[in-house]
Structures are given as structure tokens and as C-alpha cells.
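S.K.: Below is a structure I'd like to ask you about.
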Amino acid sequence: MNQLKQTQELLEKMEAFQKELEDKEVSGESGTGLVKVRINCKGFVKSIKIDGGLLVPSEVEILEDLIVAAYNDARRKADALVEEESRKLTLGLPKIPGLSF
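Per the numbering used here, residue 2 is the first one in the sequence shown, and the count goes up by one each step.
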């Protein structure tokens, strides 16, 4: 019975944690800050900032690559934050058979 209560509490904490991830934001950049992307920890893009000097029609491919690199940088940071927060959430909790994170 105690294990069932612990499982329910953990599930409630995990549900609240998932909601928090929508509000937590990280930013990534590329081209030494010429392109910046801000995302939430669920991976949704919140904003993109592009230095005006990059808006040269003949260099569109470079700009596209920089946007992808900035997003990937932000995504790595978001994943690391989620992992760190998940570790804090489950710290000290007993292992529950059949439940993994």
C-alpha cells in the first residue's frame, strides 16, 4: 500500500514537471551570436534573432545552416536541463518495479 502511495506521488510530481518544461526556456546561438534561437524545454521555438548583416541573398545557405546550428545548441541545453531537473525530482526515491524515467 505504501509503495502504491509513493508511485502516485511520483506520478503527480512527474505530471507537474512536464507542465513546468513548457515554461522553462533556453537559448542557443551560432556564428558567434549572429543567430540566436530561444526554445522551451519541450523543443518548441519561441523566437529567432538574426543579425541584419546575414541577410544577403547570395548567402542564404549559410543563414539556414546557422539557424539549424543555433536550434541544435538550444536543444542540447534544453535536454541537459531536463535531465538535471529529472534527476533532482527522483533523487532519494526508491526504485519502483516497472517504472522508469
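We treat Cβ as the ideally placed atom computed from N, Cα and C, and that holds for glycine.
1) If you reduce the DSSP assignment to three classes, tell me which class residue 61 lands in.
2) Ends of the alpha helix (DSSP H) at residue 6?
3) Where residue 12 and residue 48 are concerned, what is the direct C-alpha to C-alpha distance, given to the nearest angstrom?
4) Determine whether the beta carbon atoms of residue 43 and residue 16 lie at a separation below 8 Å.
5) Check for me: the beta strand (DSSP E) holding residue 43 runs from which residue to which?
M.R.: The answer reads as follows:
1) Shown here, residue 61 sits in a helix according to DSSP, grouped into three states.
2) Looking at the DSSP string, the run of the alpha helix (DSSP H) that includes residue 6 is 3-24.
3) Put simply, the backbone Cα of residue 12 is about 32 Å away from that of residue 48.
4) No, the Cβ-Cβ distance between residue 43 and residue 16 is not below 8 Å.
5) For residue 43, no beta strand (DSSP E) segment is defined, and its DSSP state is neither H nor E.
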